[in-house]
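See below for the structure under consideration.
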Amino acid sequence: MAEKCSLCEDYVVTDKCGVGEKGIDGLIKASIARKDGKHELFRGQKKIVLHASCRKKYTRPQSITRDLKIAVLDGQPLTSSSTPCLRSSQLKFDFKSAYVLSWYLY
Numbered sequence: 009m010a011e012k013c014s015l016c017e018d019y020v021v022t023d024k025c026g027v028g029e030k031g032i033d034g035l036i037k038a039s040i041a042r043k044d045g046k047h048e049l050f051r052g053q054k055k056i057v058l059h060a061s062c063r064k065k066y067t068r069p070q071s072i073t074r075d076l077k078i079a080v081l082d083g084q085p086l087t088s089s090s091t092p093c094l095r096s097s098q099l100k101f102d103f104k105s106a107y108v109l110s111w112y113l114y
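With the numbering used here applied, the sequence shown corresponds to residues 9 to 114, in that order.
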């Protein structure tokens, strides 16, 4: 039976990474920095199985700061699977009203 990754909740079939006590300490520190509450799940564990890519993304300091900034800007709860806001998902620019406004200002 395949185990589930504690970070992304998907089954670990490929890219398997076993994390021991020392690695779990790093995951706990990353969880506290992310303020996502997953450190509660990691405490007391002897070994955890994760995707290697999930572990890298979760513990990398640049990923932590990026995800925290995105969560603050979006007003969303902090999660490890936060994705950046795409420009294509934002409102379209209205050229007619902008043109009228610029004409009026000059």
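Built from N, CA and C at the ideal position, the CB exists for glycine as well.
Every value quoted in this text rests on a predicted model; they were computed, and no experiment measured them.
Check your understanding: Using a Cβ-Cβ cut-off of 7 Å (strictly less than) and excluding sequence neighbours within five positions of Ile40, which residues of its own chain qualify?
Key -> His47
**Study point:** Reference Gly52; option with closest CA among Ala60, Ile36, Ser61, Lys77
**Key:** Ile36
Check your understanding: Where DSSP assigns a beta bridge to Leu58, which residues make up the other side?
Key -> Cys25
Check your understanding: How should Leu58 be labelled, buried or exposed, when 16 other C-beta atoms within 10 angstroms of its C-beta is the threshold for buried?
Key -> Under this definition Leu58 is a buried residue.
Review point. Between Asp23 and the rest of its own chain, which residues show a CB-CB distance below 6 Å, the 5 nearest in sequence each way excluded?
Key: His59, Ala60, Ser61
Exercise for review: Can you have a look at Ala10 and say buried or exposed, based on whether 16 or more other CB atoms are within 10 angstroms of its CB?
Suggested key: Exposed is the call here.
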